[in-house]
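Whatever position you read off the sequence shown (first residue = 1), add 8 for the working numbering.
Glycine residues also receive a C-beta, built at the ideal position from the N, C-alpha and C atoms.
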Amino acid sequence: MPARHTIDYDEDESTDDSQPPQWRRRLVTWLLAAVGLGLGFLIPYTLYLNHEVGERFGQLRWQIPTRVYARPLELAPGLALDATTLKTELDAAAYHAGDGVRAGSYSRDGGKWQISSRGFSDVDGAVPARRIEVVLSGSRVAGVRDADKKRPLKTVRLDPARIATLYGQKQEERRLVRLKEVPELLVTGLQAVEDRDFNSHHGIDVTGMLRAAFKNVAAGRAKQGASTLTQQLARSGLLGIGREQTLTRKGKEILYALLIEARYDKGTILEAYFNQVYLGQRGAQAIHGVAAGSEFWFGRDLADLSTEQIALLIGIVRGPSYYDPRRNPERALERRNFVLGEMRETTLIDDAQYQRALKAPLGVTKDPGSIAANRFPAYVDLVRRQLARDYPADALSGAGLSVMSGMSPSAQAMAEGAVARTLKSLDNKRRPPLQTGLVVTDVHNGEVVAVVGSRSVTEHGFNRAVEAQRPVGSLLKPFVYLLALAQPGKYSLASWVDDAPVTVALGKKKNWNPGNSDGRSHGTVRLIDALAMSYNQATVRVGMQVAPERIASLIKTLAGIEAEPNPALILGAVDQSPYAMAQLYQFLASGGEIQPLHAVRGVLDANGRALNRYDKDPAPAQEGDAIAARLITIALQQAVSNGTGSQLVRDGLGRLSPAGKTGTSNDGRDSWFAGWTGDHLAVIWVGNDQNQTTGLYGATGAMRVWSGIFSHLPSAPLKVGDKGIDWQWTIASNTTDPDCMGARRFAYVAGFAPGYAPCPAPEPVAEEGQGGWREWFGFGHKDEEKPAEPAAEAPPPQQQENLP
9 MPARHTIDYD
19 EDESTDDSQP
29 PQWRRRLVTW
39 LLAAVGLGLG
49 FLIPYTLYLN
59 HEVGERFGQL
69 RWQIPTRVYA
79 RPLELAPGLA
89 LDATTLKTEL
99 DAAAYHAGDG
109 VRAGSYSRDG
119 GKWQISSRGF
129 SDVDGAVPAR
139 RIEVVLSGSR
149 VAGVRDADKK
159 RPLKTVRLDP
169 ARIATLYGQK
179 QEERRLVRLK
189 EVPELLVTGL
199 QAVEDRDFNS
209 HHGIDVTGML
219 RAAFKNVAAG
229 RAKQGASTLT
239 QQLARSGLLG
249 IGREQTLTRK
259 GKEILYALLI
269 EARYDKGTIL
279 EAYFNQVYLG
289 QRGAQAIHGV
299 AAGSEFWFGR
309 DLADLSTEQI
319 ALLIGIVRGP
329 SYYDPRRNPE
339 RALERRNFVL
349 GEMRETTLID
359 DAQYQRALKA
369 PLGVTKDPGS
379 IAANRFPAYV
389 DLVRRQLARD
399 YPADALSGAG
409 LSVMSGMSPS
419 AQAMAEGAVA
429 RTLKSLDNKR
439 RPPLQTGLVV
449 TDVHNGEVVA
459 VVGSRSVTEH
469 GFNRAVEAQR
479 PVGSLLKPFV
489 YLLALAQPGK
499 YSLASWVDDA
509 PVTVALGKKK
519 NWNPGNSDGR
529 SHGTVRLIDA
539 LAMSYNQATV
549 RVGMQVAPER
559 IASLIKTLAG
569 IEAEPNPALI
579 LGAVDQSPYA
589 MAQLYQFLAS
599 GGEIQPLHAV
609 RGVLDANGRA
619 LNRYDKDPAP
629 AQEGDAIAAR
639 LITIALQQAV
649 SNGTGSQLVR
659 DGLGRLSPAG
669 KTGTSNDGRD
679 SWFAGWTGDH
689 LAVIWVGNDQ
699 NQTTGLYGAT
709 GAMRVWSGIF
719 SHLPSAPLKV
729 GDKGIDWQWT
739 IASNTTDPDC
749 MGARRFAYVA
759 GFAPGYAPCP
769 APEPVAEEGQ
779 GGWREWFGFG
789 HKDEEKPAEP
799 AAEAPPPQQQ
809 ENLP
């Protein structure tokens, strides 16, 4: 038998097809290990991300700025208001000229205005939107009526202007909206451009990615994004995803999107998107959300946006910097028109709307002023000071509160304009740089309606209206006479006082000898004239009779002013701010009411509910206070008509019958004026920060600013009531007949007028050419109360120079 040959195979060289090659077995092992490791990491990581979504998305808490608003413009028949002022108010509140039908618009036909207001929350509750007709005639509101119901209205309030925003740690501008508050075209248009399959996908959209890729290839550049709205929301910063372009970031974004879609309904996701989307930047302020974006770019509420503006807002979403319509209007226009095309393609708008919108301008405002953090630093500083006693600083910033202030945008604008014009006219090479501080109030309720803290009205920092402490000079004199007139059995406006040299003993062999600024004495004068002409010598005599201690006590009671009760106080030797003096003069301007000044009317929470109110009605004036305030007002009306403030009459302000008092400190360093009408009080200081001599009196400096304000500010004439007042014709020290030669009409406290005396017989007049010796020696007949020549005030003595 032939030998059987066998072949011996090494085990490693086996050719058994049932066993895979070694490299395959190793690859499978590695893949299985990788999958196991991946699942071991991915599952816990996904659970972690799901927890993050639940914590951070499920309890959305954006840091919402606290906003400060002006007072609502209240329109009522008889209100002093002209067309220029009404337009100023409407512009400040971001109303726009239009049809007067859409909310936030107005139309005008001569003196007839149609205004469509927006609803808002005020300190006393919600104020509904309404369409009204307002008729102006003779610089007054002739009538107000409901435009829909065609019936007259007693009063109506328009939504107020925003004047400042108080941010928290993040400089983010955002105003939350509910999905139902977003215009339908904005909701559907955004989906048409950014995510057409939003309602059907589960966080990512493969079909949408392919469609976007096709359009971008066809256009030759990126025109449409591939991310869903849910992905955009995930990477927007809401859930802490960075902006670096990496696969890791993209994967994280997709996971977040899938988890968000799994947990929340489409409406919740859309609402979050509309409140979070980034739409621009102003300095350090990031503009987030469609509501803030609408205000930033168009100066309008969402509800007021036109089709083309909605299209532009949607277009900006793609790249707020690249498509910035203020910096890159061509790019923005192209992007807007692309969005309009998408809207037409998806039948959201018809061809007629499309063609009209294509021809429309971009419609953006030149400057996003209404978004500015603080356009009125002096006023907002006063707001912060008032709120500080109830709210720590960090409790206001970013808290989403609404601070309802008393600012009148028109009064503020007119005060700022008067400061700019007047100080420029007073500048010269011989005079040091001038500065100012002023406060304007409402005499009816104590609301502060305007504040200027610097001639550079937008300058932050030292607020001269509140912080500047300067000698007030003769501004204190009316309160010396107020105490005198509170003793009607001893003093009246007709009382005779001696304006002759006076010496006041100060002790330690020191005397004080104040003089009048004109260097003259004016003899025996009526008390009303001594105040109207601001005679120092007569005022010191009266002041020493009523006692400096009582003067110090009065100004502390009325305005919280602390002052040393020394004789120099009579002529205003005390340093105070314009705000403190406004508080003091508010007593006179209000007719004797003690009205605490307030810049804040109330604070509302994020839901519009009142947390605090500061606009409480003041207590009625006590009868004695009211009568004394009326008498001083009458005297200070004469100070304007025939005294140190008579320039106001020459300026054409006699129509307001204002009352006012000038004040000047040593060497013309400080110029003051306090004056009021039937509606407003303004206290103004003009001087130099280095306390240098300006050469200005109260009438030539601060009063010029006052005149500049009230030449434009609608305000009611000042009418002094007769309650408790008895007007009598007076000659010498008696009442007499009205037709008595030389008689003058004075106001007395009722029951305290002097006794009656008939007219004295006229003195015989020498015939021409006979005995004129009486005239030579000054004994000829002279009509009583011949008006004295106006005299400027003497500066009050320095405390340190005259007191021990």
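Compute the Euclidean distance between the alpha carbons of Ala-634 and Thr-74, then round it to the nearest angstrom.
As a first step, residue 634 must be located in the sequence shown, where it is residue number 626. As a first step, residue 74 must be located in the sequence shown, where it is residue number 66. The straight-line gap from Cα to Cα measures roughly 40 Å.
Less than 8 Å between the C-beta atoms of Tyr-756 and Ser-500, yes or no?
Your numbering for residue 756 matches position 748 in the sequence shown. Your numbering for residue 500 matches position 492 in the sequence shown. Contact: yes.
Shortest alpha-carbon distance to Ser-665 belongs to which of Asp-678, Ala-724, Gly-632?
Position 657 of the sequence shown, counted from the first residue, corresponds to residue 665. Answer by Cα proximity: Ala-724.
Would the beta-carbon of Gly-301 fall within 8 Å of that of Leu-287?
For the purposes of this step, residue 301 is identified with residue 293 of the sequence shown, where counting begins at 1. For the purposes of this step, residue 287 is identified with residue 279 of the sequence shown, where counting begins at 1. Yes, the pair counts as a contact, with Cβ atoms nearer than the cut-off.
Give the secondary structure of Ile-72 by DSSP, where H, G and I count as helix, E and B as strand, and everything else as coil.
Within the sequence shown, the letter at position 64 stands for residue 72. Strand.
Which residues bound the alpha helix (DSSP H) around Thr-547?
For the purposes of this step, residue 547 is taken as residue 539 along the sequence shown, with counting starting at 1. Note, Thr-547: alpha helix (DSSP H), 544-554.
Going by CA-CA distance only, name the one from Arg-170, His-296, Asp-526 that's closest to Val-388.
As a working note, residue 388 is residue 380 in the sequence shown. The candidate whose alpha carbon is nearest that of Val-388 is Arg-170.
Skipping 5 residues on each side, what residues in its chain have a beta carbon closer than 7 Å to that of Thr-315?
By 1-based counting over the sequence shown, the position of residue 315 is 307. Counting only Cβ-Cβ distances below 7 Å, and skipping sequence neighbours, we find Leu-193, Ile-357, Gln-361, Ala-365.
Leaving out five residues on either side along the sequence, give the residues of the same chain with a beta carbon under 8 Å from the beta carbon of Ile-322.
On the sequence shown, position 314 is the one that residue 322 refers to. These residues qualify, in order along the chain: Leu-194, Gly-197, Leu-198, Val-201, Glu-202, Val-347.
Applying the 10 Å Cβ sphere with the 16-neighbour rule, what's the burial state of Ile-403?
As a first step, residue 403 is located in the sequence shown; it is residue number 395 there, counting from the start. The residue you asked about is not Ile; residue 403 is Ala in the sequence shown. Exposed is the call here.
Are there three or more Cβ pairs, one per stretch, closer than 8 Å when the stretch 406-415 is compared with the stretch 673-691?
Short answer: they don't touch.
Is it buried or exposed, Val-109, if we count other Cβ atoms within 10 angstroms and call 16 or more buried?
The sequence position of residue 109 within the sequence shown is 101, counting from 1. Result: exposed.
Work out the CA separation of Val-457 and Leu-619 for me, nearest whole Å.
Residue numbering aside, residue 619 sits at position 611 when the sequence shown is read from its first letter. Residue numbering aside, residue 457 sits at position 449 when the sequence shown is read from its first letter. Near 22 Å, if we compare the C-alpha coordinates of Val-457 and Leu-619.
Assuming Val-713 is part of the alpha helix (DSSP H), what are its boundary residues?
Within the sequence shown, the letter at position 705 stands for residue 713. Val-713 -> alpha helix (DSSP H) spans 710-718.
Take every Cβ of the stretch 531-540, pair it with every Cβ of the stretch 633-653, and state whether three or more of those distances are shorter than 8 Å.
Because the criterion of three Cβ pairs below 8 Å is met, the stretch 531-540 and the stretch 633-653 touch.
Beta strand (DSSP E) containing Ala-618: first to last residue?
By one-based count along the sequence shown, residue 618 stands at place 610. Residues 618-621.
Helix, strand or coil: how does DSSP classify Asn-382 here?
The residue you call residue 382 lines up with position 374 of the sequence shown. Strand at Asn-382.
Using C-beta distances below 6 Å, list every residue in its chain close to Gly-8, excluding the 5 sequence neighbours before and after it, in chain order.
Because residue 8 is not part of the residues shown, which for the chain are 9 to 812, the question remains open.
Where does Phe-49 sit, in a helix, a strand or coil, going by DSSP?
Taking the sequence shown and counting its residues from 1, one reaches residue 49 at position 41. Per-residue confidence for Phe-49 stands at a pLDDT of 48, beneath the threshold of 50, marking its modelled position as unreliable; no derived number is given.
Can you give, in chain order, each stretch of the beta strand (DSSP E) that sits fully within the stretch 240-311 and has at least 3 residues?
Listed in chain order, they are 286-290, 293-296.
Does Leu-444 come out as helix, strand or coil in the three-state DSSP assignment?
The residue labelled residue 444 in the question sits at position 436 within the sequence shown. For clarity, residue 444 is Thr in the given sequence; the question names Leu instead. DSSP places Thr-444 in strand when its eight states are reduced to three.
I believe Leu-166 touches Leu-81 by the beta-carbon criterion, under 8 Å. Please report the beta-carbon distance rounded to the nearest angstrom.
Looking up residue 166 in the sequence shown gives position 158. Looking up residue 81 in the sequence shown gives position 73. 5 Å between Cβ atoms; contact.
Hey, could you find the ends of the alpha helix (DSSP H) Glu-572 is sitting in?
The residue given as residue 572 occupies position 564 in the sequence shown. Glu-572 -> no alpha helix (DSSP H), and no H or E assigned at all.
Taking the alpha helix (DSSP H) that Asn-345 falls in, what are its first and last residues?
Along the sequence shown, read from residue 1 onward, the residue named residue 345 stands at position 337. Segment 337-353, the alpha helix (DSSP H) holding Asn-345.
Counting only beta-carbon separations shorter than 8 Å, does Arg-182 have a partner in chain D?
The question asks about chain D, but that chain is absent: this structure has only one protein chain.
Are Phe-101 and Tyr-114 close, meaning C-beta to C-beta below 8 Å?
For the purposes of this step, residue 101 is taken as the residue at position 93 of the sequence shown. For the purposes of this step, residue 114 is taken as the residue at position 106 of the sequence shown. Position check: residue 101 holds Ala in this sequence, whereas Phe was assumed. Cβ distance not < 8 Å, so Ala-101 and Tyr-114 don't count as in contact.
Apart from the five residues on each side of it in sequence, which residues of its chain come closer than 7 Å, Cβ to Cβ, to Ser-715?
The count along the sequence shown starts at 1 and reaches residue 715 at position 707. Counting only Cβ-Cβ distances below 7 Å, and skipping sequence neighbours, we find Leu-656, Asp-659, Leu-661.
Within 10 angstroms of the Cβ of Gly-786, are there 16 or more other Cβ atoms? Answer buried if so, exposed if not.
Mapped onto the sequence shown, residue 786 falls at position 778. Legend: pLDDT at Gly-786 = 37, less than 50; position of this residue unreliable, value from coordinates given subsequently. By the neighbour-count rule (16 or more Cβ atoms within 10 Å), Gly-786 is not buried but exposed.
Leaving out five residues before and five after Leu-94 in sequence, what residues of the same chain have Cβ atoms less than 6 Å from its Cβ?
Counting from 1 along the sequence shown, the entry for residue 94 is found at position 86. None.
Give the secondary structure of Lys-624 by DSSP, where H, G and I count as helix, E and B as strand, and everything else as coil.
Taking the first residue of the sequence shown as position 1, residue 624 is located at position 616. Reduced to three states, the DSSP call for Lys-624 is coil.
For Glu-601, name the three-state secondary structure that DSSP assigns.
As a first step, residue 601 is located in the sequence shown; it is residue number 593 there, counting from the start. In this structure, Glu-601 counts as coil in the three-state DSSP scheme.
Hey, could you find the ends of the alpha helix (DSSP H) Met-422 is sitting in?
Residue 422 sits at position 414 when you count from the first residue of the sequence shown. Start and end: 417-434.
When burial is assigned at 16 or more other CB atoms within 10 Å of the CB, is Asp-507 buried or exposed?
Along the sequence shown, read from residue 1 onward, the residue named residue 507 stands at position 499. The residue is buried, with at least 16 neighbouring Cβ atoms inside 10 Å.
Look at Gly-112 and Asp-332 and say whether their C-beta atoms are less than 8 Å apart.
One-based indexing of the sequence shown puts residue 112 at position 104. One-based indexing of the sequence shown puts residue 332 at position 324. No, the pair does not count as a contact, with Cβ atoms beyond the cut-off.
Any idea if Pro-400 is buried or exposed, counting beta-carbon neighbours within 10 angstroms, 16 or more meaning buried?
Residue 400 sits at position 392 when you count from the first residue of the sequence shown. Per the 10 Å Cβ criterion, exposed.
Where do the ends of the beta strand (DSSP E) carrying Thr-163 lie?
Taking the sequence shown and counting its residues from 1, the one referred to as residue 163 is at position 155. Here Thr-163 belongs to no beta strand (DSSP E), and DSSP marks it neither H nor E.
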